[in-house]
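Quick note, the numbering used here runs 205 ahead of the 1-based positions in the sequence shown.
Note that CB positions come from ideal geometry on N, CA and C, so glycine has one too.
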Amino acid sequence: MELLNFAQLGIVVLSLTLAVFHFRLREKHLFHLTFAIYCLSTSLFVTHKLTSGYINPYHHFIGVFSVFTASGYWLFARAFFRKNNPINRHHLILVGLQAVCLVLLHLSLFSTKMWQLNSGWLLALTTALREIIEILYPGMLILIFWEGYRVLQGTNVVQRKVATIYLSSFSYCVVSVMLVGEILPKELIAGSSQDWLSVFAFLLILLTTHGLIRFRQQQLNQEQINTMASDQEETELARQIQMLLVEEKRFLQSNLRVADIARELGVPEYRIRAVMLSQFDAKNFNHYVNKMRVEHAKVLLTELDKQDWPVLVVGIESGFASAAPFSRAFKEFTGCTPGQYRKQN
């Protein structure tokens, strides 16, 4: 076995290892699965090339299962760079169309070589399939490039660096495998030189993409940790707000504002407002405080020793500055005025 064959075998082993690794991850995302599919297809594609000199034409049966190399990497790129609905039905239809063409091409080539068939319809089918693939394949490469290029237009510095690494490795792969034959003199690419370039290209794109995925996973893990820490901080802040409002009865202060609570706890006002929405299920700070004041007023209105208190006094004792806001808030939460509530109870 030549050195090139050993190198190709190494790519097969590496791609299979990466496919198993990403398939078996306990916490995996869509980009893990699509990259695993790409790796599996790559291993079969290289195996198809590796065995062409040994089991021809049966190596085409291996090629039948290696039809998701370019399209699989495109699906990975979409899942990796897009957060919302990265893969839809029309994307799968395009991938399926290319896969069907490649499968039919391998089967037609197998039939031609195996049984020496030279019928006009089979030759026409093979030619048509080649032409369709020659249209679809460059288009797929453009789509792969576009997924990384569109991220370069964003404002996130880290994502731009990730996209730059992605585009660099992918561009090298395309240039070395597809364009080198058009650029370099024929004598320089004689023999197995182009096959070696393909090996290095696959090695680069496999390792680079795996590294980018590991980096993205670290980012996601850190975001999860930050979210958990933020949730704990919000819970603690909510407890402190509740203690001030309930235990120290700050809600009875008529001039109580968000700024007062924020100053007391040493946090920005926006955090108080955010906690009121997330932890207290309130429209805003004033809404929650008024609700507490109304509950306090309902107790005063029904106590026997306070039946002679005017409604205005009850409102002031409950934290309202005057009768008008007291009546509005009371009716909002109970559906009746303070006077009506007193008569009903």
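Any chance the segment 343 to 355 sits against the segment 370 to 382, with 3 or more Cβ pairs inside 8 Å?
In short, these stretches touch, since the Cβ pair count reaches three.
Closest to Phe400 by CA distance: which of Leu255, Gln549, Glu232 is it?
The residue you call residue 400 lines up with position 195 of the sequence shown. It should be noted that the sequence gives Asp, not Phe, for residue 400. Nearest of Leu255, Gln549, Glu232 to Asp400, Cα basis: Leu255.
In terms of alpha-carbon separation, which member of Ser523, Ala241, Leu208, His227 lies closest to Ala275?
Taking the first residue of the sequence shown as 1, we reach residue 275 at position 70. Measuring from the Cα of Ala275, the nearest candidate turns out to be Ala241.
If I measure Cβ to Cβ from Phe535 and keep anything under 6 Å in the same chain, skipping five residues before and after, which residues do I get?
Within the sequence shown, numbered from 1, the residue matching residue 535 stands at position 330. Excluding sequence neighbours, Phe535 sits near Val499, Pro543.
Taking Gln364 as part of the alpha helix (DSSP H), name the residues at either end of that continuous run.
Taking the first residue of the sequence shown as position 1, residue 364 is located at position 159. Unbroken alpha helix (DSSP H) run through Gln364: 362 to 379.
Around the Cβ of Ser373, are there at least 16 other Cβ atoms within 10 angstroms (buried) or fewer (exposed)?
Position 168 of the sequence shown, counted from the start, is the residue given in the question as residue 373. It is exposed - the Cβ of Ser373 has fewer than 16 other Cβ atoms within 10 Å.
Do you know offhand how far Tyr471's Cα is from Lys548's?
Walking along the sequence shown from the start, residue 471 turns up at place 266. Walking along the sequence shown from the start, residue 548 turns up at place 343. The sequence given here has Gly at residue 471, not Tyr. Distance between the alpha carbons of Gly471 and Lys548 is about 44 Å.
Give me the Cα-Cα distance between Gln545 and Gln427, rounded to the nearest whole angstrom.
As a working note, residue 545 is residue 340 in the sequence shown. As a working note, residue 427 is residue 222 in the sequence shown. Computed Cα separation, rounded: 56 Å.
Can we say the segment 247 to 254 touches the segment 331 to 338, given the rule of at least three CB pairs closer than 8 Å?
Judged by Cβ distances under 8 Å, the segment 247 to 254 makes no contact with the segment 331 to 338, as fewer than three pairs qualify.
Note down the Cα distance separating Gln422 from Gly344, rounded to an integer number of angstroms.
Position 217 of the sequence shown, counted from the first residue, corresponds to residue 422. Position 139 of the sequence shown, counted from the first residue, corresponds to residue 344. Roughly 29 Å separates the two Cα atoms.
Can you name the start and end residues of the alpha helix (DSSP H) that Val300 belongs to?
Taking the first residue of the sequence shown as 1, we reach residue 300 at position 95. Element bounds for Val300: 294 to 320.
I think Val308 touches Val272, with their Cβ atoms under 8 Å apart; what is that distance to the nearest whole Å?
Walking along the sequence shown from the start, residue 308 turns up at place 103. Walking along the sequence shown from the start, residue 272 turns up at place 67. About 6 Å separates the two Cβ atoms, so the contact holds.
Determine the DSSP secondary structure at Asn289, reduced to helix, strand or coil.
Locating residue 289 in the sequence shown gives position 84, where the first residue counts as 1. Of the three classes helix, strand and coil, the one that applies to Asn289 here is coil, per DSSP.
Restricting to Cα atoms, I'd like to know which of Lys503, Arg419, Asn489, Ile430 is closest to Cys541.
Here residue 541 corresponds to residue number 336 of the sequence shown, with the count starting at 1. Of Lys503, Arg419, Asn489, Ile430, the residue nearest in Cα terms is Lys503.
At the level of alpha carbons, what is the spacing between Gln445 and Arg365?
Sequence index remark: in the sequence shown, residue 445 carries index 240 (1-based). Sequence index remark: in the sequence shown, residue 365 carries index 160 (1-based). Cα to Cα, the separation comes out at about 41 Å.
Report the three-state DSSP secondary structure of Leu263 (helix, strand or coil).
As a position in the sequence shown, residue 263 is number 58, starting the count at 1. Leu is not the amino acid found at residue 263; the sequence shown has Tyr there. Residue state, collapsed to three classes: coil.
First and last residue of the alpha helix (DSSP H) that includes Ser532?
Taking the first residue of the sequence shown as position 1, residue 532 is located at position 327. Residues 528 to 539.
Work out the CA separation of Glu474 and Ala464 for me, nearest whole Å.
Position 259 of the sequence shown, counting from 1, holds the residue named residue 464. Position 269 of the sequence shown, counting from 1, holds the residue named residue 474. Ala464 and Glu474: Cα-Cα distance of roughly 6 Å.
What is the DSSP secondary structure of Glu339, counted as helix, strand or coil?
Stepping through the sequence shown from its first residue, residue 339 is reached at position 134. Three-state result, Glu339: helix.
Can you tell me the Cα-Cα spacing of Lys411 and Leu223, whole angstroms?
Working through the sequence shown from its first residue, we reach residue 411 at position 206. Working through the sequence shown from its first residue, we reach residue 223 at position 18. Contrary to the premise, residue 411 reads as Leu rather than Lys in this sequence. Approximately 8 Å, taken between the alpha carbons.
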